Structures are given as structure tokens and as C-alpha cells.
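Participant: Numbering (UniProt numbering), first residue to last: 1 to 483.
Quick one: the structure is below, questions incoming.
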Ligand code: FRU
């Protein structure tokens, strides 16, 4: 039997839906078996969004990298995931790594990194492909056969973009220096093929040994480079995961290959489990999906024992304001709402507010702090808990997962400015939690694996009387999967 038998694997996926394990999320994309990571190949064609993602259908290790594929019109109804692209020749025998998607003459095209390792030496080739009616990607030509002079074998994750009517791609790379250095390269399409324009200059110094998964975006007159640097040290209020996912915003000059007047590096998400995001630009919206997981931390995710690992985030719509990216859940997700209970409390008298959540909830809260300097929002699963606490004096949010028994624990801390009202929109799925603060100014994503199969309680407490707590808790429906 073939190692990657599309028919057999697709049948096994179909048999695995609907997902039943209690740690399987209901409104996040995930797989009944195998390990998923980066979203890939996102594009819109003929009325449908196409979402691909990295998938090892054969186990819970970072091996056998294939692409899975789903389609959706509304981010609520999805086609059943299928195996779409898999290693099949000497170029991609060690993995069909990440890449982007685009639509050309009505066809869904993909552009990905072929990973081949021989005697420990990587030969990364960048190749095109075309999605076929039967759901598999037909591999087309290789457009860049290897990493260029001065770049190691860590050369991957091409992302196409347009400027002045021309096509370019940005790609993650490692400069081959005494101390390997993370960077991105840009290529331009010419009539003779793809021309390497070289490294994009930035003001970032000493910024890690590898940059993965770049995206080049355009917001009004600003350009934004999203990328995932590896090798940064953790600091008091940022860079607290092993690897980061963030961006710089500025002005891209393709003539001088310079990202001019750019902001400092800012993270896209302050939680524990967010990496390798990809952005699809469609009808003026920048729609981002991320991987809910973290490379080189597999031991922190207990679902591997059940044969599957990881999730993708909800789709988030990005906007850039004063050099900062705001992320909000895509409006389409409102269609998941079933029924709600209102929260409307003159909290003066109460020291603690409690509400029991649904099996899948969206919490919308405005907390007017009044005299309180410290407010905590606890997701309690019986005695287990994940605690969000905001301290006005230090203007810092702390997320503490040490109260959970299973999976990754620890603390994440980030700066966040709240004047009078702390605003929270939180999606609580079976294991995935995504919290949007201050209308998307800051976001934190994480996976929690409660020991007990119970619906969590949300507890709000403060060190002094809160003025008011108002909002709504929605019960959310699950994603629908149709053949
Ligand atoms: C990021 C990444 C990419 C690579 C892919 C392989 O998570 O390491 O750089 O293309 O995963 O699965």
C-alpha cells in the first residue's frame, strides 16, 4: 500500500467526524487523527474560502508533512477535511512544508516548500501546484530549486504578494553566517522566472537564528511584515513562548529592499499557543488564521495519547491603527450564536461574580473598574483554573495556567493599557480559549485540558468594588462539516 493513500486516509477522516473526544473543540478546525500545524494555501475562489494546513496523517510527530484541505463559504460550514498534498518524489520526500495559495483563472494554486534531506543536508525547493476537482493538488514546476548563495537549507514558507501590478514573494530564511541569522528574502516575477532581490533590510538587530512563515501585507499606505522569529530571549512582558509570531509595520521599498521607518516588533498574540499565522486578503479584509500549538513543545499537549494534536484559531480580521494590529473575530462567527444570558450588574455590592458557561461559549464583557486596581477573571473547571488578572498599577495582564492539571502550564504576561473599562470578548471551546481584549488591541490564545468533563464557570473578582459589569454570555453552536 502507498504510504499516503488519499482514498483510505479521506475515508478514515470522514469516519472520524463528528469529533467526539471531550477535548476535541467544536468550533475550531482540527483533525480526528494525526498532528496539524501551520495554516497554508489560503485563498478565495468561486465563492469559497480554501484553507489548507500542515498535517501528519500518520502520527503525532512532526514528520510526514502533508497538506489537508477544507472549503468554507462562511467560516461556519466546512467541507470535510481531505488529504490534498503529500510527499511523492525526491524533491518533497521529507515533507510538503508550508506555503501560500492564490487564485489564477478561477483555479486554486498553491506555492509550497519541498523539503528533501540527504545525508543531513536540506535542499529546499519552492514549487507551484494546482488543486484538482478530486481534491488533490497536482504538482507543477519548481520555480526556485534551492536556497541561494549565503542562505542555509532553512529557506521556506513562500508568501505571494502584489505591488505595482507585479508579483513578488517573501520567504523565510537563515543567513549562513558564523552565527546563523534569521531573515527574509524577496523574489520578483520576471519574464525569465523568479529573480532574487535579496534580503529585506530592517532595523532589527540580533533578532534570532531563523525567521519562519513570513506574510507581506498592505494596509492603506503601510506595509506590514508578519514573521515568526526563532531564538529570541524571553522578557518580562513579551517573547515568553519558545518562538514568537509578530510583525513590524512600515514602508516597503522594493528598490532599496528596505522596510523603512518600521515600528518595533510586536507580537500578534500573547497566549501560550499561537504560531505560524497566515493572512488571506479578500475584498478589503485581512483574514488571519493561526496554528494553536507551539513547535518543540509537543510534550505539553496531552491529546497525543489519543492520536491527534492541535487546532487552528478562529478566523480573525486584522486592521492596522497607528502601527498596531488589532485582531477581531470574523463577523461570520456570529452565526454560531444560539442563545444568551445577559450580565448586568451594579457591582458595588458584590465582591465576586459567577456565571456558568455553556458547552461552547462566547463571553462579551465590559468591566468598569471603579476603584479596583486589580481584577481577575477565572475560568474554573471544578478545582482547576486558568486565571487572567489585570493590574492597573503595572498595566499588565497575567495569564496563569499553573492551576491546570494536564498539559502546558506556566504564566504569560503582557502590557495592556486600560483606562476605565476593561473590555473582553472570549471564546471558550472545549480546550481552545481565545481572549480578545480592548476590542482586539491585544489577543491571547491557549489550549487548556481540564481533567473533569464539566462546563467551566467564569468568576470575576476585584480588590475593591467594581463599578459595573455588563455583557452577555452566548452559547455557541459547533462548526458543521458536510461532505
Ligand atoms: C512552522 C514550520 C514551517 C515549516 C512547517 C513544517 O511551524 O516549521 O517553517 O514550513 O512548519 O511543518
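Yeah, the Cβ is synthetic: ideal placement off N, Cα and C, and Gly gets one too.
Everything numeric in this text was worked out from a predicted model, so none of it was measured.
Can you tell me whether residue 439 is helix, strand or coil according to DSSP?
Facilitator: Reduced to three states, the DSSP call for residue 439 is helix.
Participant: Can you say whether residue 383 is buried or exposed, counting buried as having 16 or more other CB atoms within 10 angstroms of its CB?
Facilitator: Exposed, by the Cβ-count rule.
Participant: Output the residue ranges of the beta strand (DSSP E) runs that lie fully inside the region 202-253 and measure 3 residues or longer, sorted by chain position.
Facilitator: Here the runs fully enclosed are 210-219, 222-230, 246-253.
Participant: Between which residues of its own chain and residue 417 is the CB-CB distance below 6 Å, once the five residues before and five after are set aside?
Facilitator: Cβ within range, chain order: 395.
Participant: So what does residue 34 bridge to, in DSSP terms?
Facilitator: Residue 34 pairs with 308.
Participant: Does ligand 1 have even one heavy atom less than 6 Å from the beta-carbon of residue 56?
Facilitator: Not so, every heavy atom of ligand 1 lies at least 6 Å from the Cβ.
Participant: Might you give, ordered along the chain, the residues of its own chain that have their beta carbon closer than 6 Å to the beta carbon of residue 472, omitting 5 neighbours on each side?
Facilitator: Closer than 6 Å at the Cβ level, and outside the excluded window around residue 472, lie 340, 342, 364.
Participant: Count the C-beta pairs between the region 365-375 and the region 460-467 that are closer than 8 Å, then say yes if the count reaches three, no if not.
Facilitator: With the cut-off at 8 Å, the region 365-375 and the region 460-467 touch.
Participant: Just to confirm my understanding: we take residue 454, look at its own chain, exclude 5 residues before and 5 after, and list those with CB closer than 7 Å. What are they?
Facilitator: Closer than 7 Å at the Cβ level, and outside the excluded window around residue 454, lie 381, 382.
Participant: Assuming contact is defined by CB atoms lying nearer than 7 Å, are residue 267 and residue 238 in contact in what I supplied?
Facilitator: In contact: residue 267 and residue 238 (Cβ atoms closer than 7 Å).
Participant: Which of the three DSSP states is assigned to residue 460 in this structure?
Facilitator: Three-state result, residue 460: strand.
Participant: Less than 8 Å between the CB atoms is what I'm expecting for residue 250 and residue 446, so what's the real figure, rounded?
Facilitator: That pair is no contact at about 30 Å.
Participant: Within a Cβ cutoff of 8 Å, which residues of the same chain sit near residue 326, ignoring the five residues on either side of it in sequence?
Facilitator: Here the set comprises 318, 319, 320, 439, 440, 441.
Participant: With distances taken Cα to Cα, identify the nearest neighbour of residue 333 among 426, 401, 378, 410.
Facilitator: Residue 426 is the option with its Cα nearest to residue 333.
Participant: Say yes only if the C-beta of residue 98 is nearer than 6 Å to one or more non-hydrogen atoms of ligand 1, and no if none qualify.
Facilitator: Within the cutoff, so yes.
Participant: Are the CB atoms of residue 226 and residue 241 within a distance shorter than 7 Å?
Facilitator: The answer is no: Cβ separation not under 7 Å.
Participant: Return the CA-CA distance between residue 392 and residue 286, expressed in angstroms with no decimal places.
Facilitator: Whole-angstrom Cα-Cα distance: 32 Å.
Participant: Contact between the region 10-19 and the region 36-49 is defined here as three or more beta-carbon pairs at a separation below 8 Å; is this criterion met?
Facilitator: Verdict: no, contact absent.
Participant: Check whether the Cβ atoms of residue 152 and residue 176 lie closer than 7 Å to each other.
Facilitator: Yes.
Participant: Which residue marks the beginning of the alpha helix (DSSP H) containing residue 510, and which one marks its end?
Facilitator: With the chain covering 1 to 483 only, the question about residue 510 has no answer from this structure.
Participant: Hey, quick one: how far does the beta strand (DSSP E) through residue 139 stretch, first residue to last?
Facilitator: Its beta strand (DSSP E) spans residues 137-144.
Participant: Taking Cβ positions, are residue 100 and residue 159 nearer each other than 7 Å?
Facilitator: Yes.
Participant: Would you mind stating whether residue 96 and residue 67 have Cβ atoms separated by less than 7 Å?
Facilitator: Closer than 7 Å, so yes.
Participant: My guess is that residue 403 and residue 386 are in contact by the Cβ rule of under 8 Å, so how many angstroms apart are they, rounded?
Facilitator: Their Cβ separation, rounded to whole angstroms, is 7 Å, which keeps residue 403 and residue 386 in contact under 8 Å.
Participant: Per DSSP, what kind of secondary structure is residue 158 in: helix, strand or coil?
Facilitator: Of the three classes helix, strand and coil, the one that applies to residue 158 here is strand, per DSSP.
Participant: Do residue 246 and residue 219 have their CB atoms nearer than 7 Å?
Facilitator: For residue 246 and residue 219, no; Cβs fall outside 7 Å.
Participant: On the DSSP letters alone, give me the boundaries of the beta strand (DSSP E) that residue 429 sits inside.
Facilitator: Taken as a continuous stretch (DSSP letters only), residue 429 belongs to no beta strand (DSSP E), as it is neither H nor E.
Participant: My understanding is that residue 457 touches residue 356, with C-beta atoms under 8 Å, so please give their C-beta distance in whole angstroms.
Facilitator: Residue 457 to residue 356, Cβ: 5 Å. Contact.
Participant: Just confirm the distance between the C-beta atoms of residue 262 and residue 210, as a whole number of angstroms; I'd bet it's less than 8 Å.
Facilitator: That belief does not hold up - the Cβ atoms of residue 262 and residue 210 are roughly 20 Å apart, past 8 Å.
Participant: Do you know how far the Cα of residue 47 is from the Cα of residue 122?
Facilitator: Those two C-alpha atoms are separated by around 38 Å.
Participant: Let's see if you can read the secondary structure: which residues bound the beta strand (DSSP E) around residue 391?
Facilitator: Where residue 391 is concerned, the enclosing beta strand (DSSP E) stretches over 384-391.
Participant: Is the separation between the beta-carbon of residue 460 and that of residue 353 shorter than 7 Å?
Facilitator: Yes, they are a contact pair.
Participant: For residue 10 versus residue 82, is the C-beta distance shorter than 7 Å?
Facilitator: Closer than 7 Å, so yes.
Participant: Is residue 297 helix, strand or coil when you go by DSSP?
Facilitator: If DSSP states are grouped into helix, strand and coil, residue 297 belongs with coil.
Participant: In angstroms with no decimal places, state the Cα-to-Cα distance between residue 76 and residue 106.
Facilitator: The straight-line gap from Cα to Cα measures roughly 23 Å.
Participant: Give the DSSP-derived three-state secondary structure of residue 303 in the structure shown.
Facilitator: DSSP places residue 303 in helix when its eight states are reduced to three.
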